[in-house]
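Quick note on numbering: full-length UniProt numbering labels position 43 of the sequence shown as 43, and the sequence is numbered without any gaps.
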Amino acid sequence: MNKEEIFMLYYVRKAKAEDLETILLVIEDGRNTLNQQNIPQWRNNDGPNRKIIIEDIHLEEGYVLIEDNEIVGYGTITKKEQASYDEITNGDWLASTYYVSLHRVVIHSKIKQRGMSQFFLGHLISFSKEQGFNDIRIDTHPINSRMRKVIEKAGFSYRGDIILPVENGEREAFQILLEN
1 MNKEEIFMLY YVRKAKAEDL ETILLVIEDG RNTLNQQNIP QWRNNDGPNR
51 KIIIEDIHLE EGYVLIEDNE IVGYGTITKK EQASYDEITN GDWLASTYYV
101 SLHRVVIHSK IKQRGMSQFF LGHLISFSKE QGFNDIRIDT HPINSRMRKV
151 IEKAGFSYRG DIILPVENGE REAFQILLEN
């Protein structure tokens, strides 16, 4: 970090309806980054879109990362059970308790390499715990090595493979169990 970055204000809050257009720009930036890295995730209209983000906000599941009053990240804490998590191969979940899953975690490319992915994921984990959840799950495409590093650094362990009902839907699944 340079001196200017030390004094920047970062925080996480729930997404609001008026955040929609900026969230979509952050997601598009993330989609472009995935394409540049040849990661077949969020392609061909798969992945986050306007309708999905509106629903996230309506359900109060969306969160934004703020840098000096500007949205630079987005992610969700989803309480709904994920059908794709029922069919795990090459492993198993540590527990079959009620869980939340983190989805659509994206950081704008202009703040990459600052540790903000870790900061944001840590806040999503804390918010999950505050909502009473100890079992938190997340997944990413097998060749998305950067996201895998962020996930593992946050304390998640690889639990197996799942398939999402989209093109190139193979994903590696991770889980963290927090203590009471």
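For glycine and all other residues, C-beta sits at the position ideal for the given N, C-alpha and C. Computed from a predicted model, the values in this text were never measured in an experiment.
Any idea which residues DSSP pairs residue i with across the strands?
i: residue 162; result: 171
i: residue 34; result: Note: residue 34 sits in no beta bridge, so no partner.
i: residue 139; result: 173
i: residue 106; result: 74
For residue i, which residues in the same chain have their Cβ closer than 6 Å to its Cβ, ignoring the five residues on either side in sequence?
i: residue 99; result: 135 and 137
i: residue 62; result: 15, 56 and 76
By Cβ distance below 7 Å, which residues in the same chain neighbour residue i in space, the five residues on each side in sequence not counted?
i: residue 151; result: 138, 140 and 174
Quick one: using the 10 Å Cβ neighbour count with 16 as the cut-off for buried, is residue i buried or exposed?
i: residue 58; result: exposed
i: residue 145; result: exposed
i: residue 172; result: buried
i: residue 163; result: exposed
i: residue 85; result: buried
i: residue 41; result: buried
With a Cβ-Cβ cutoff of 8 Å, do residue i and residue j count as a contact?
i: residue 104; j: residue 74; result: yes
i: residue 71; j: residue 26; result: yes
i: residue 29; j: residue 108; result: yes
i: residue 125; j: residue 95; result: no
Just to check my reading of the structure: residue i and residue j have Cβ atoms closer than 8 Å, yes? What is that Cβ distance to the nearest angstrom?
i: residue 65; j: residue 116; result: 7 Å
Please go through the same chain and pick out, in chain order, the residues whose beta-carbon is closer than 8 Å to the beta-carbon of residue i, but skip the five residues on each side of it.
i: residue 20; result: 50, 53, 54 and 57
i: residue 60; result: 14
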